[in-house]
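To start, the structure under review is shown below, and the notes come after it.
The following block contains the structure:
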């Protein structure tokens, strides 16, 4: 296997047991450079346990985790330097300043040009004005950004982000999304979990759905939508100046459960992405002036619901 | 990674500089000045009085330093570990390329900055009094060595316990126990028990010995005992090191078995006591009384520590469970390695050895065998309970142990049959150490026979329990199910 084809993250047959409970069972997945994978599932599905086991914080009962081709027991230093983990609870030392906190981890990661790198990541997460403020004076959102800065210090090839947007205000969420997109485009692999799927749908090209510790679905978002979507709820809004869409919709074989108002209509559509494209073309061709055309749910929500994953009782 | 470049140490130093460092140094500086306020009298005094004054101030300064360094250091370490564990910073540090040794060194030594700085004025006051009072400087030097050694040892234990306990209250309780250990001999006076708190005992009782010796004897006489104490602390630290590394760094390379740590620590502690008691010049000076008392104490302390060790450490059945899942089945070899029975036999052998050194000859064999039977009984019941009852096993064990200890004396009193009192497991040993062998044979044979029967029956039930349990584990591992909880 050449360096280019070595997955950044390679999880093989991972199992994690708690007393009396199989928290993660026979999980196998791989991420390539530039992959951003949403790890989703209902409460108790094993998302956080999976992330912690990948990082080496939970000892797997069996199975192997390789980051950049290396197992933790083979080369702990390289394994950890290739990995950036952002937990959901933003652990910061309240009495250290932002700069001191990052300096601590820059030393721990043995970062070259430490001071410059610290300034770089502070700027990257937009905390320049707070760099000499003690961490206890930061808001929860700022602490999240500080932890993200810490995560970026070693230039990790794999980022594992557990609920990264929790506690962030809308502006910070947008900034975080843009930053993650940039990181993905730089070729880093990203494994991210969130209960708010619309937040991560914008940058995830892959999805892994867990249910009761088992991997129920794993693959490319587009491919899963193409293959797996049986019915999607769609919304269409049109301008009054154009034709009414009812005729086209009622005459189309994939359309059902039509619910129309004066200037908009919602309907179920069966037929995949290509079928949707064809329906839109038919509408436009029939003189309908389309003002809004979108699925009622995000892609990830659609895949999650169709997977049938259920919460652990 | 060099200690000076250790980020945990550097961050702790940053925090101590902006925390209570200045206040702590000012308070200890005032205490040091108060001790030296009569320095002009010290200079002008006659030679004998001057020596006495010098020794008094040295003794005071060493005691205060002990409180600051040993208690303060242990508390600082435990608080830092507990706070960083609860906040998630400990895990954040674990995820960096720092080695387990770097992590342990950082959490062990990093928080000591404030206490070390605060002890400096007190050390200076002690040195000034030593020089002006004509006390041999060696007394001050060995006092400092003993203090540093004890502080390092206590902090290592604090790190180990704080990382292992799950709640703030537990961490606080353990640090409190450490403190009690340090202060016990001072608070209780020269009592027998103080000798068994060897790791922290020297801080006060040996300081007193050093300063006493400085008045009338060459300081060199104290040196071997200080070196023995430091050596034992170092040995216990070496034993505790892998456990602390595993606890702080979650080091997967350490296959740590808590049960054997208890055995090793017990061996060092009791061995140290025996060594000091047998070959030291202070047999009657502090607390070592006549040989029978010593043997009895070794027996009782050994028994208590053994039961505590077995109850706290518990058999490593959880480890067997995990390994079974990895390999698809349990082997007899694993069960033998995880069982507490070898630990019980180890305790029995060590206790017999210790008694052989200090005890009356005729009682040694009886006491050793009876203790071993008691430990086998305890280990079998504990392990059987864990296989059958899971987490409720410890509670059931405690109830059973209390019944076994309380019921026989009550029955003996009601029925007026003295031999019944010796049905308490392990009691024959204590009896045999005191009484002539004829008495033991007259009164103890019934109890001894009961102990043999109980131990054999418990071992038989244990073997059956192991067979059932391994069968269930193997079946679950084969079917890919969650394994039965141990």
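Residue numbers (this note's numbering), protein chains in the order written: chain A, 116 to 428; chain B, 5 to 490.
All C-beta atoms, glycine included, are put in the ideal place defined by N, C-alpha and C.
All figures in this text were calculated on a predicted structure; none of them were measured in a lab.
- request: Identify every residue that forms a DSSP beta bridge with residue 152(A).
  value: In the first chain, the residue the question calls residue 152(A) occupies position 37. The partner list for residue 152(A) (beta bridge, DSSP) reads 306(A) and 321(A).
field: Alpha-carbon to alpha-carbon, residue 160(A) and residue 328(A)
entry: Along the first chain, read from residue 1 onward, the residue named residue 328(A) stands at position 213. Along the first chain, read from residue 1 onward, the residue named residue 160(A) stands at position 45. Residue 328(A) and residue 160(A): Cα-Cα distance of roughly 5 Å.
task: Using a cut-off of 8 Å between C-beta atoms, extract the partners of residue 204(A) located in chain B.
output: Start at 1 with the first residue of the first chain, and residue 204(A) comes out as number 89. Chain B residues near residue 204(A): 92.
field: Span of the alpha helix (DSSP H) around residue 164(A)
entry: To locate residue 164(A), count along the first chain from 1; it is residue 49. Its alpha helix (DSSP H) spans residues 162–170.
- prompt: Is DSSP giving residue 398(B) helix, strand or coil here?
  reply: Walking along the second chain from the start, residue 398(B) turns up at place 394. If DSSP states are grouped into helix, strand and coil, residue 398(B) belongs with the helices.
message: Does the contact criterion of 3 or more C-beta pairs under 8 Å hold for the stretch 183–196 of chain A versus the stretch 84–101 of chain B?
response: yes
field: Listed by chain order, chain A residues near residue 102(B) by CB distance under 7 Å
entry: For this step, residue 102(B) is matched to residue 98 along the second chain. Neighbours of residue 102(B) on chain A, chain order: 223.
message: Looking at chain A, is there any beta carbon in it that lies within less than 8 Å of the beta carbon of residue 80(B)?
response: Here the question's residue 80(B) lines up with position 76 in the second chain. Judged by the 8 Å Cβ criterion, residue 80(B) is not in contact with chain A.
message: The beta strand (DSSP E) that contains residue 141(A), what's its start and end?
response: In the first chain, residue 141(A) corresponds to position 26, counting from 1. Per DSSP, residue 141(A) belongs to the beta strand (DSSP E) from 136–146.
- request: Could you please give the first and the last residue of the uninterrupted beta strand (DSSP E) stretch that includes residue 343(B)?
  value: If you number the second chain from 1, residue 343(B) lands on position 339. Premise fails: residue 343(B) is in no beta strand (DSSP E) and is neither H nor E.
task: Mind the definition here: the stretch 265–277 of chain A touches the stretch 297–314 of chain A only if three or more C-beta pairs lie below 8 Å; say whether that holds.
output: yes
Cut-off 8 Å between Cβ atoms - residues of its own chain near residue 206(A), not counting five sequence neighbours on either side: Looking up residue 206(A) in the first chain gives position 91. Taken in chain order, the residues that qualify are 262.
- prompt: With C-beta atoms as the reference, is residue 314(A) less than 8 Å away from residue 280(A)?
  reply: Within the first chain, the letter at position 199 stands for residue 314(A). Within the first chain, the letter at position 165 stands for residue 280(A). Yes, the pair counts as a contact, with Cβ atoms nearer than the cut-off.
- prompt: Where does the unbroken beta strand (DSSP E) through residue 129(A) begin, and where does it stop?
  reply: For the purposes of this step, residue 129(A) is taken as residue 14 along the first chain, with counting starting at 1. Its beta strand (DSSP E) spans residues 124–133.
- prompt: Helix, strand or coil for residue 212(A) per DSSP?
  reply: On the first chain, position 97 is the one that residue 212(A) refers to. In the structure shown, residue 212(A) sits in a strand (DSSP, three-state: E or B).
- prompt: Given residue 251(B), which residues of its chain have a CB within under 8 Å of its CB, disregarding the five upstream and five downstream residues?
  reply: Looking up residue 251(B) in the second chain gives position 247. If we look at residue 251(B) and ignore the five residues flanking it on each side, its Cβ neighbours are 163, 164, 167 and 168.
query: Using the rule of at least 16 other Cβ atoms within 10 Å of the residue's Cβ for burial, across every protein chain shown, is residue 134(A) buried or exposed?
result: Residue mapping note: residue 134(A) aligns to position 19 of the first chain, counting from 1. Exposed, because fewer than 16 other Cβ atoms sit within 10 Å of the Cβ of residue 134(A).
task: Please list the residues of the stretch 161–183 of chain A that have a C-beta atom closer than 7 Å to any C-beta atom in chain B, keeping them in chain order.
output: 170, 172, 174, 176 and 177
- prompt: Near residue 122(B), which residues of its chain fall below 6 Å by C-beta distance, leaving aside the five closest residues on each side in sequence?
  reply: By 1-based counting over the second chain, the position of residue 122(B) is 118. Taken in chain order, the residues that qualify are 28, 29, 32 and 72.
field: Any C-beta of chain A under 8 Å from that of residue 122(B)
entry: Residue 122(B) sits at position 118 when you count from the first residue of the second chain. No, residue 122(B) does not count as interfacial toward chain A.
task: Determine, using beta-carbon pairs with one atom in the stretch 62–79 of chain B and one in the stretch 140–150 of chain A, whether at least three such pairs fall under 8 Å.
output: no
message: Going residue by residue through the stretch 23–102 of chain B, where are the continuous alpha helix (DSSP H) segments of at least 4 residues, counting only ones entirely within it?
response: 25–39, 43–48, 51–70, 77–91 and 93–98
query: In three-state terms, what does DSSP make of residue 203(B)?
result: The residue labelled residue 203(B) in the question sits at position 199 within the second chain. Summary for residue 203(B): the model assigns pLDDT 45, below 50, so the residue's position carries little reliability; its value from the coordinates is reported in the next sentence. Reduced to three states, the DSSP call for residue 203(B) is coil.
- prompt: Should residue 476(B) be labelled buried (16 or more other beta-carbon atoms within 10 Å of its own) or exposed?
  reply: By 1-based counting over the second chain, the position of residue 476(B) is 472. By the neighbour-count rule (16 or more Cβ atoms within 10 Å), residue 476(B) is not buried but exposed.
task: Report the three-state DSSP secondary structure of residue 157(A) (helix, strand or coil).
output: Counted from its first residue, the first chain places residue 157(A) at position 42. Coil at residue 157(A), not helix or strand.
query: Counting Cβ pairs, one atom from each stretch, are 3 or more of them under 8 Å apart for the stretch 255–269 of chain A and the stretch 232–243 of chain A?
result: yes
- request: May I ask which residues mark the beginning and end of the beta strand (DSSP E) holding residue 270(A)?
  value: Walking along the first chain from the start, residue 270(A) turns up at place 155. Premise fails: residue 270(A) is in no beta strand (DSSP E) and is neither H nor E.
field: Distance CB(residue 165(A))-CB(residue 325(A)) smaller than 8 Å
entry: One-based indexing of the first chain puts residue 165(A) at position 50. One-based indexing of the first chain puts residue 325(A) at position 210. Yes, these two residues count as a Cβ contact at 8 Å.
task: Could you check what DSSP says for residue 351(A) in three-state terms: helix, strand or coil?
output: The sequence position of residue 351(A) within the first chain is 236, counting from 1. Reduced to three states, the DSSP call for residue 351(A) is strand.
- prompt: Where residue 353(B) and residue 68(B) are concerned, what is the direct C-alpha to C-alpha distance, given to the nearest angstrom?
  reply: Start at 1 with the first residue of the second chain, and residue 353(B) comes out as number 349. Start at 1 with the first residue of the second chain, and residue 68(B) comes out as number 64. If you take the alpha carbons of residue 353(B) and residue 68(B), they lie about 41 Å apart.
task: Take residue 359(B) as the anchor and find which of 448(B), 49(B), 348(B) and 373(B) has the nearest alpha-carbon.
output: By 1-based counting over the second chain, the position of residue 359(B) is 355. Nearest option by C-alpha distance: 373(B).
- prompt: Which residues of chain A have a Cβ atom closer than 8 Å to the Cβ of residue 9(B), listed in chain order?
  reply: One-based indexing of the second chain puts residue 9(B) at position 5. Simply 222.
message: Helix, strand or coil for residue 406(B)? Go by DSSP, reduced to three states.
response: As a working note, residue 406(B) is residue 402 in the second chain. The answer is helix: DSSP assigns residue 406(B) an H, G or I state.
- request: Out of 124(A), 375(A), 349(A) and 359(A), point me to the one whose CA is closest to residue 386(A)'s CA.
  value: Locating residue 386(A) in the first chain gives position 271, counting from the first residue. The shortest Cα separation from residue 386(A) among 124(A), 375(A), 349(A) and 359(A) belongs to 349(A).
- prompt: Within 10 angstroms of its Cβ, does residue 411(A) collect 16 or more other Cβ (buried), or is it exposed?
  reply: Reading the first chain from its first residue, position 296 is the one you call residue 411(A). With fewer than 16 other Cβ atoms within 10 Å, it is exposed.
message: Distance cutoff 8 Å, beta carbons only. Does residue 473(B) sit that close to anything in chain A?
response: Within the second chain, the letter at position 469 stands for residue 473(B). No, because no Cβ of chain A sits closer than 8 Å to the Cβ of residue 473(B).
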